[in-house]
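Asks: Sending over a structure as structure tokens; questions will come in a sec.
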Amino acid sequence: VFMSPTRSFVLPEDGSTDIIMVGPGTGIAPFRAFLQQRQIEGDSGRNWLFFGDWTEEGEYLYRDEMEAWRENGLIDHHDLAWSRAGPDKVYVQHLMEQHGEEIWNWIDGGAYFYVCGDKNYMARDVHSTLIEICSEYGGMSEEEAKEYVESGLMKTEKRYLRDVY
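Counting from 1391, one number per residue, gives the positions in the sequence shown under the numbering used here.
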């Protein structure tokens, strides 16, 4: 196993900047570190975490830690998606759709948007959902929203960061 530091998938320099983190499954790992760092540094930015896996009983390994962070105010929003817990599969992008207007308000206000995890399905679907949110709540056409997300947020502003595998 070779490890190399990342220079791009990092927290904003300004600790008052809000962040939205989408990390189902093993994608939760960097976000635990982000939250630990923000707690230690006393950062004032709001933190929104989307997490999910197959079932709450089998895969929610960091429940106690996440609930403690929610209770002490470190995590402002904590949305959980369980894809095998019932007859309907619920994924993180479904929860994003439910909170589309608020996600847009955070992004429009300068929040960073992070995605970590599966690149084949989850990251692709989250990306599409983010474009839909920007279109619907940002008053853009679908083409304008795609340009905004892929060129504006991701490349120019560097506020849409992905670590997908």
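C-beta atoms are modelled at their ideal positions from N, C-alpha and C, and glycine is treated no differently.
Source: prediction; values computed, not measured.
1) From Asn1495 to Asp1553, what distance separates their C-alpha atoms?
2) Count the C-beta pairs between the segment 1425-1432 and the segment 1504-1516 that are closer than 8 Å, then say yes if the count reaches three, no if not.
3) State yes or no: is the C-beta of Gly1415 within less than 9 Å of the C-beta of Glu1446?
4) What separation, rounded to the nearest whole angstrom, lies between the Cα atoms of Gly1405 and Ser1398?
5) Consult DSSP for Phe1503 and reduce its assignment to one of helix, strand or coil.
6) Which residues share a DSSP beta bridge with Trp1472?
7) Measure the Cβ-Cβ separation of Arg1549 and Gly1507 and say whether it is below 9 Å.
8) What span of residues does the beta strand (DSSP E) with Asp1553 cover, start to end?
9) Assign Asn1495 to one of three DSSP states: helix, strand, or coil.
10) Looking at Gln1488 and the ligand ATP, is the gap between the Cβ and the nearest heavy atom below 8 Å?
11) Rounded to whole angstroms, how far is the Cβ of Gly1432 from the Cβ of Trp1472, which I believe are closer than 8 Å?
12) Met1530 by DSSP, collapsed to three states: which one?
13) Just verifying my parser: in three-state terms, what is the DSSP assignment at His1489?
14) Identify whether Ile1465 lies in helix, strand or coil by the three-state DSSP scheme.
15) Counting C-beta neighbours from all protein chains within 10 Å, is the total for Thr1396 16 or more, i.e. buried, or is it exposed?
Replies: So, to answer that:
1) Residue mapping note: residue 1495 aligns to position 105 of the sequence shown, counting from 1. Residue mapping note: residue 1553 aligns to position 163 of the sequence shown, counting from 1. Distance from the CA atom of Asn1495 to the CA atom of Asp1553, rounded to whole angstroms, is 24 Å.
2) By the criterion of at least three beta-carbon pairs nearer than 8 Å, the segment 1425-1432 is not in contact with the segment 1504-1516.
3) Along the sequence shown, read from residue 1 onward, the residue named residue 1415 stands at position 25. Along the sequence shown, read from residue 1 onward, the residue named residue 1446 stands at position 56. Not in contact: Gly1415 and Glu1446 (Cβ atoms no closer than 9 Å).
4) The residue labelled residue 1405 in the question sits at position 15 within the sequence shown. The residue labelled residue 1398 in the question sits at position 8 within the sequence shown. C-alpha separation (whole angstroms): 16 Å.
5) Here residue 1503 refers to the residue found at position 113 of the sequence shown. Looking at Phe1503 - three-state DSSP - the assignment turns out to be strand.
6) Taking the first residue of the sequence shown as position 1, residue 1472 is located at position 82. DSSP, once it has assigned bridges, lists Asp1443 as partnering Trp1472.
7) As a working mapping, residue 1549 is identified with position 159 in the sequence shown. As a working mapping, residue 1507 is identified with position 117 in the sequence shown. Result no, Cβ atoms of Arg1549 and Gly1507 do not sit closer than 9 Å.
8) The sequence position of residue 1553 within the sequence shown is 163, counting from 1. Taken as a continuous stretch (DSSP letters only), the beta strand (DSSP E) holding Asp1553 covers 1550-1554.
9) Taking the sequence shown and counting its residues from 1, the one referred to as residue 1495 is at position 105. Residue state, collapsed to three classes: helix.
10) Only the bare structure without any ligand can be found here, which leaves the ligand ATP out of the picture.
11) Position 42 of the sequence shown, counted from the start, is the residue given in the question as residue 1432. Position 82 of the sequence shown, counted from the start, is the residue given in the question as residue 1472. Wrong, their Cβ atoms sit about 33 Å apart, outside the cutoff.
12) Taking the first residue of the sequence shown as position 1, residue 1530 is located at position 140. Coil.
13) The sequence position of residue 1489 within the sequence shown is 99, counting from 1. In the three-state reduction of the DSSP assignment, His1489 falls in the coil class, being assigned neither a helical nor a strand state.
14) The residue you call residue 1465 lines up with position 75 of the sequence shown. In the structure shown, Ile1465 sits in coil (DSSP, three-state: anything other than H, G, I, E or B).
15) Walking along the sequence shown from the start, residue 1396 turns up at place 6. It counts as exposed.
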